[in-house]
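A.B. asks:
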Amino acid sequence: MKVEFAPINIPLKRRIQTVAVCQWIFSFLLLAEFCCGIFVILILGNFWFFGILYLLWLYLDWETPCAGGRRFQWVRGWTIWKYFREYFPIKLIKTSDLNPNHNYLLGFHPHGVLVAGAFGNFCTGPDFKNLFPGITPYLHITPIWFGCPFFREYVMSAGIVSASKESVSYVLNNEGGGHASIIVIGGAEESLNAHPGSLTLNILKRKGFIKMALKHGAHLVPVFSFGENELFKQVANPRGSRLRNIQEKLQKIMGFALPLFHGRGIFQYSFGLIPYRQPIHTVVGSPIPVKQNLNPTTEEVEQLHELYLQKLSKLFEDHKRNYGIPEHRSLIFE
Numbered sequence: 027m028k029v030e031f032a033p034i035n036i037p038l039k040r041r042i043q044t045v046a047v048c049q050w051i052f053s054f055l056l057l058a059e060f061c062c063g064i065f066v067i068l069i070l071g072n073f074w075f076f077g078i079l080y081l082l083w084l085y086l087d088w089e090t091p092c093a094g095g096r097r098f099q100w101v102r103g104w105t106i107w108k109y110f111r112e113y114f115p116i117k118l119i120k121t122s123d124l125n126p127n128h129n130y131l132l133g134f135h136p137h138g139v140l141v142a143g144a145f146g147n148f149c150t151g152p153d154f155k156n157l158f159p160g161i162t163p164y165l166h167i168t169p170i171w172f173g174c175p176f177f178r179e180y181v182m183s184a185g186i187v188s189a190s191k192e193s194v195s196y197v198l199n200n201e202g203g204g205h206a207s208i209i210v211i212g213g214a215e216e217s218l219n220a221h222p223g224s225l226t227l228n229i230l231k232r233k234g235f236i237k238m239a240l241k242h243g244a245h246l247v248p249v250f251s252f253g254e255n256e257l258f259k260q261v262a263n264p265r266g267s268r269l270r271n272i273q274e275k276l277q278k279i280m281g282f283a284l285p286l287f288h289g290r291g292i293f294q295y296s297f298g299l300i301p302y303r304q305p306i307h308t309v310v311g312s313p314i315p316v317k318q319n320l321n322p323t324t325e326e327v328e329q330l331h332e333l334y335l336q337k338l339s340k341l342f343e344d345h346k347r348n349y350g351i352p353e354h355r356s357l358i359f360e
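Rendered as structure tokens:
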């Protein structure tokens with residue numbers, strides 16, 4: 027394989043952007059393991075007392091990720107996130123106002139490999155607040171990560187909360203409105219489809235978010251992030267292949283998927299874990315009004331699910347030309 031090295035005279039700003047993305051990659055690929063290692067060292071070493079104190083804190087604070095988390099605006103506003111967003115760049119596009127008197131459930135598509143658009147738009151910077159004043163976003167992720175010592179504090183500080191039913195209910199139960207649950211509908215399984223050019227979404231069997239919206243009367247908002255699947259290249263894993271079968275079994279056991287992906291390196295463009303510089307445009311669609319229904323029937327869930335699919339398809343079709351998607355390409359639901 028021929029290695030393409032980065033030129034020496036790269037502007038300082040671009041180098042800072044690359045450093046910012048390296049920090050993000052480390053945070054979401056290695057930081058949880060690093061934090062667990064630190065905790066083990068505390069318990070087994072001379073500082074075991076601090077480890078015991080943290081275990082007590084963990085016990086007392088266990089429900090916080092399901093009760094709105096514990097965000098810190100200082101962390102969400104770190105300058106490093108500005109350079110992180112500029113690296114791609116990541117942009118948030120508004121198509122309709124969101125009334126702060128309502129609560130919303132935003133369905134984010136596609137998952138991509140590391141959900142860069144969701145993190146960049148809903149956990150960092152002022153863009154969401156400026157475009158949708160009065161709305162507080164909560165990004166929901168797999169509950170398993172909140173069992174990692176120290177790491178849980180870090181992700182909660184960015185406004186990330188658990189994806190459990192209890193957590194979503196807590197956010198959408200806000201009587202005054204103004205809360206928005208952001209759920210990556212395809213989940214970890216969809217990351218296995220995150221190949222450049224892929225438009226396949228895992229959604230046909232995913233109706234739990236529809237039930238939650240009905241139960242709480244939360245308006246549904248489809249969100250499509252153009253460019254999300256272009257950030258990395260993934261080893262071919264078509265459905266039915268041995269690799270895909272292994273990945274799906276591991277995903278069911280561990281609760282998260284293990285896509286075999288690569289991007290570019292820090293000093294060369296041929297191979298590494300740094301995402302490619304591809305623009306991400308996250309388009310927030312118009313809300314679908316939902317009337318509260320504490321005990322929806324299967325038919326009512328199916329009807330709203332079908333309407334959501336129609337609105338998501340329309341959102342994609344209305345905007346695909348702006349972001350380089352050929353006219354003949356459309357979303358594939360499975």
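Residue numbers (the numbering used here): 27 to 360.
Even for Gly, the Cβ is constructed at its ideal location relative to N, Cα and C.
What is the rounded straight-line gap between the Cα of E325 and the Cα of I236?
C.D. replies: Rounded to the nearest angstrom, the two C-alpha atoms are 12 angstroms apart.
A.B. asks: Keeping to the same chain, check which residues put their C-beta closer than 7 angstroms to that of P322; ignore five residues upstream and five downstream.
C.D. replies: The residues are K237, L240.
A.B. asks: Let me check understanding here. Comparing Cα to Cα, which of Q260, V327, I211 lies closest to F359?
C.D. replies: Selected option, being the one with the closest Cα: I211.
A.B. asks: Would DSSP call S193 helix, strand or coil?
C.D. replies: Helix at S193.
A.B. asks: For F110 versus W171, is the C-beta spacing smaller than 8 angstroms?
C.D. replies: Not closer than 8 angstroms, so no.
A.B. asks: Mind listing, in chain order, the continuous beta strand (DSSP E) runs of no fewer than 3 residues lying wholly within the stretch 47 to 121?
C.D. replies: Counting only runs of 3 or more, we get 116 to 120.
A.B. asks: Sorted by chain position, which residues of the same chain lie with C-beta nearer than 7 angstroms to C61's C-beta, five sequence neighbours on each side aside?
C.D. replies: Excluding residues within five positions, the ones whose Cβ falls inside 7 angstroms are C174, P175, F176, F177.
A.B. asks: Does the ligand GDP have a heavy atom nearer than 7 angstroms to the CB of T226?
C.D. replies: This structure does not include the ligand GDP; it has no bound ligands of any sort.
A.B. asks: Does the distance from the C-beta atom of I67 to that of L132 stay below 8 angstroms?
C.D. replies: Cβ atoms of I67 and L132: not closer than 8 angstroms.
A.B. asks: Do you know how far the Cα of F154 is from the Cα of F148?
C.D. replies: Distance between the alpha carbons of F148 and F154: 6 angstroms.
A.B. asks: Tell me the DSSP secondary structure of T150 in three-state form.
C.D. replies: T150: coil per DSSP, three-state reduction.
A.B. asks: Which parts of the stretch 158 to 184 are runs of the alpha helix (DSSP H), unbroken and 4 residues or longer, counting only runs that do not cross its ends?
C.D. replies: Runs of the alpha helix (DSSP H) inside the stretch 158 to 184: 177 to 183.
A.B. asks: Can you name, in chain order, every residue of its own chain whose Cβ lies under 8 angstroms from the Cβ of A58, other than the five neighbours on each side?
C.D. replies: Correct list, in chain order: W171, C174, F177.
A.B. asks: Since I believe P301 is in contact with V47 (beta carbons under 8 angstroms), could you give me their beta-carbon distance rounded to a whole number of angstroms?
C.D. replies: About 7 angstroms separates the two Cβ atoms, so the contact holds.
A.B. asks: What is the residue span of the beta strand (DSSP E) that T308 lies within?
C.D. replies: Run containing T308: 306 to 310, per the beta strand (DSSP E) assignment.
A.B. asks: Using 8 angstroms as the Cβ pair cut-off and three pairs as the minimum, do the stretch 79 to 88 and the stretch 195 to 209 touch?
C.D. replies: Flag = no, the stretch 79 to 88 and the stretch 195 to 209 do not touch.
A.B. asks: May I have a chain-ordered list of the beta strand (DSSP E) segments no shorter than 3 residues that lie completely inside the stretch 207 to 278?
C.D. replies: Taking only runs of at least 3 residues, the beta strand (DSSP E) segments lying wholly in the stretch 207 to 278 are 245 to 252.
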